[in-house]
Amino acid sequence: MSEYDPQALQAKWQQRWEEQDTYRASEDLADTRERRYMLDMFPYPSGDLHMGHGEVFAIGDVVARYWMQKGYNVLHPIGWDSFGLPAENAAIKRNAHPAEWTYANIETQANSFRRYGISFDWSRRLHTSDPDYYRWNQWLFIRFFERGLAYRKGGLVNWCPNDQTVLANEQVVAGRCERCGADVIRRELTQWYFKITDYAQRLLDDMEQLTGWPERLLTMQRNWIGRSEGADVLFEIEGRDEPVQVYTTRPDTLFGATFFVVAADAALADEIVTDEQRPAFEAYRAEVARLSDIERLATDKEKTGVFLGRHAINPVNGERIPIWAADYVLSDYGHGAIMAVPAHDQRDLDFARKFDLPVKVVVHTGLADPGETGEATPGEGTLVNSGPLDGLTKAEGIRKIIEVLESEGRGTGAVNYRLRDWLLSRQRFWGTPIPIIHCPDCGEVPVPDEQLPVTLPDMRGEALAPKGVSPLASATEWVNVECPKCSGPAKRDTDTMDTFVDSSWYFLRYCSPGYTEGPFDPEQVRKWGPIDQYVGGIEHAVLHLLYSRFFTKVLHDMGMVDFTEPFLRMLNQGQVINGGKAMSKSLGNGVDLGQQIDEFGVDAVRLTMIFAGPPEDDIDWADVSPAASQKFLARALRVMSEVTSEPGVAFDGGDAELRKVTHHTIDEVTKLVEGQRFNVAVARMMELTSAARKAIDSGPGAADPAVREAAEALAVMLSLVAPYTAEEGWERLGRTGSVAFAGWPVADPALLVQESVTCVVQVAGKVRDRLEVSPDITEAELRELALASGKITPYLQGVPRKVIVRAPKLVNIVP
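Each residue of the sequence shown is one higher than the one before, counting from 1 in the UniProt record's numbering.
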């Protein structure tokens, strides 16, 4: 270890990389190398890098460096998702401007990234809080607005009482704000939305392109989009001129609808409730307003509701069915109302039993009557008590009833989605101002392109404190403007955009960060996009990834990109935990990345991250050893330092056995890296190091060409996970230029041929002989050879009961 000084290596090579701009992607049009785009998920500058950063960026760097070694022109950019609440809250606490905290943290992280040795192209660095970035957020918003994809409407929204801002549905987790954990409530507000629902089916269909995504990730997106097929059915409401449209996935059960439920917070409930029932309804609606959607939908929650005093008419049999307001129906599901079929839906049955409503079986499933058992029968069966549908199956019944409804003008076949439009307004300061001016005469008027960006006014400290409306509303000089159309008095929109707008297209800006004619240079995006490999956490399975896919499709429709999916391959890393639990201050089990680097060095920490297990698995820092990684790196560097043959020596005269080990390692590591089994690849590098060490100490010696071949291959392969050690070793081997571009070694097929394989022969599970056999031996030949072995026959008594052969490596005999 006395020769291995990681801090000295870091200082030396970090300076060299910065001076030479080593990892800058080539923009030379004459460069004909195939391009590859490696993208890490956007870091947020909340402080210095932590252990999670250490893992995800080490993983992404393996991919980027491997492509560089393979001869590709690699784009591996870095930037910061720098708008958001943490900076604003810090500014309020410190009586400062959010930019001060933000940009100080960015510099801290940038220095740590440089120290960590990630192969970033620093020339493409960007920050989403820079006006020359968020100008294009505003430009894109206006283009969406012109296409009818950005609109403003009133309605119930998710409201975080702690952060004092609205949240998109995707930002509510188990009824709580995904940022601060506060219970989310529902509030009536007028807000801006992106019409992502227009793209719901394309978001589903285009998943066929995503063959490089984990299936778990695709399943999460499919479930969130939530496509279902059924029918829109028209129910007449007594005393109302217009019928009410209800969506159902089981129109075959219409004859079993015995009551009608309207969401308590839906406008329809307020419209149709009778004067007599209004007091009870008003009180009930106030109770429901205090519940989150998760609480309302909980299956174990006691059902509550109030009769609205009116009846609906079942369109298939003319029966009058009572209309109730209840909390288990949401106003934004379908049309905010459902037909209740209690025999075949458990929530409806629980409600019916609570309020003594009729239960009518219309699907014979062979199970007991739900009205008696309290257990609904939602499965398939034969339709009964359903007039013309009697005797049909579910599928037949759905087709038949849709035909009947359509022929009578009482309904149509329909597709519904769980996905709702993306609510993007935020009532906070530190974000992109929405580029709309509200004029009393002209309405909603986009800010002219030549006036972009609409920059944030200078506000700080207490002026930013959440008030239920945006702090920007108090900046009167900023708010009050002339209307771009009529020049009359008007006001700016005072909400800012959800920060997920920033991260929905940042990867495109990386292709031309200095471009001034648009958000990105379409020609550069055509050259680099789509992204070949994206690395980031599974927690963004819906939020960021769904929004990015939506943006890409809109930009494709605008003719700005020529692909419809932004990310060809996804790799989701696990978490870094400690002692079996997530790291937290309250548990006192946090591990500081900087401290680990100070103690063991960057390469040892990175190697430990990669070697701990497959990328998608969690890493328990209590179970790994950066000290052991440091010792290995010291051994590897000694091997590379002790080689005495000259660079360029012909390897074919070297030790044959070591050359075979080297080429088998090259072959295996290549396959393992391409299969993203990086931890096993590191294990093979360790084995090669041991083989080279053995050859130096007790074999042909340090001057043997095969030792140089092994050491050079080791340096190149090790550069993926331990770049400082690999660079130093490459230089000590007498090589010039960065090891990052040395070129990936190629295994010689002739050296991969195995002349013989050791076959283990077991009797009753115990090893009794080892045979040297051809790797091409057949199972029949190996069986005969094993049974003929003189070491085996003493353990056999007659003909064995079973002989299990796994050619060429195992024979297991059961006597």
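Just so it is clear, CB atoms sit at the ideal spot from N, CA and C, and this is done for glycine as well.
Inter-residue CB distance, residue i and residue j (contact presumed, cutoff 8 angstroms)
i, j, result
"V329", "V261", "5 angstroms"
"W422", "I196", "5 angstroms"
"P315", "G379", "The pair is not a contact, with the Cβ atoms about 25 angstroms apart (cut-off 8 angstroms)."
"P453", "P98", "Not quite, the Cβ-Cβ distance comes to about 17 angstroms (not below 8 angstroms), so this is no contact."
"K400", "F351", "The Cβ separation is near 28 angstroms, so there is no contact."
"V605", "F144", "Contact flag wrong, Cβ pair sits at about 43 angstroms."
"D81", "S503", "5 angstroms"
"G580", "D620", "6 angstroms"
"W122", "I78", "7 angstroms"
"P530", "F567", "7 angstroms"
"L156", "R428", "In fact, because the Cβ distance is near 20 angstroms, the residues do not count as touching under 8 angstroms."
"residue 830", "V746", "Residue 830 lies beyond the residue range present for the chain, which begins at 1 and ends at 815; the question has no answer from this structure."
"V602", "Q20", "Not quite, the Cβ-Cβ distance comes to about 19 angstroms (not below 8 angstroms), so this is no contact."
"D332", "L424", "Rounded, the Cβ-Cβ distance is 16 angstroms, inconsistent with contact."
Collapsed DSSP secondary structure at residue i in the structure displayed
i, result
"E444", "strand"
"A634", "helix"
"H364", "strand"
"residue 819", "Outside the modelled stretch of the chain, which goes from 1 to 815, sits residue 819, for which no answer is possible."
"A64", "helix"
"R426", "strand"
"F520", "coil"
"F567", "strand"
"L330", "coil"
"F651", "helix"
"Q797", "coil"
"E408", "helix"
"Q575", "coil"
"E3", "coil"
"K766", "strand"
"D21", "coil"
"N589", "coil"
"R227", "coil"
"E215", "helix"
"Q14", "helix"
"T382", "strand"
"L39", "strand"
"M339", "strand"
"D667", "helix"
"S123", "strand"
Buried/exposed call for residue i, threshold 16 Cβ in 10 Å
i, result
"P615", "buried"
"S55", "Checking the displayed sequence, the identity of residue 55 turns out to be Glu instead of Ser. Result: buried."
"L752", "exposed"
"A715", "buried"
"C160", "buried"
"T665", "buried"
"E170", "buried"
"M1", "Residue confidence is low: M1 scores 43 on pLDDT, short of 50, so the model does not pin down where it sits. Its coordinate-derived value is still stated next. It is exposed - the Cβ of M1 has fewer than 16 other Cβ atoms within 10 Å."
"Q111", "The sequence given here has Asn at residue 111, not Gln. Classification of N111: exposed, given that the 10 Å Cβ count is below 16."
"L39", "buried"
"M640", "buried"
"Q451", "exposed"
"S512", "buried"
"V767", "exposed"
"C180", "exposed"
"K660", "buried"
"S738", "buried"
"G461", "exposed"
Bounding residues of the beta strand (DSSP E) (the contiguous stretch that carries residue i)
i, result
"A298", "Unbroken run through A298: none, as it is neither H nor E."
"Y151", "150-160"
"L167", "165-167"
"I804", "802-806"
"S690", "No beta strand (DSSP E) holds S690; the alpha helix (DSSP H) holding it covers 678-698."
"H311", "305-313"
Check: residue i C-beta below 7 angstroms from any heavy atom of the ligand ATP
i, result
"T274", "Judged by which ligands are present, the structure shown has none, so any question about the ligand ATP falls away."
Residue i: first and last residue of the uninterrupted alpha helix (DSSP H) it sits in
i, result
"S548", "543-557"
"V811", "Per DSSP, V811 belongs to no alpha helix (DSSP H); it is in the beta strand (DSSP E), 810-814."
Contained alpha helix (DSSP H) runs [length at least 4] in the stretch 486-534, N- to C-terminal order: Counting only runs of 4 or more, we get 499-502, 506-509, 522-528.
Just to confirm the assignment: which complete alpha helix (DSSP H) runs, minimum length 4, are found wholly within the stretch 686-761? Every alpha helix (DSSP H) stretch that sits fully inside the stretch 686-761 and reaches 4 residues is listed by chain position as 705-718, 723-732.
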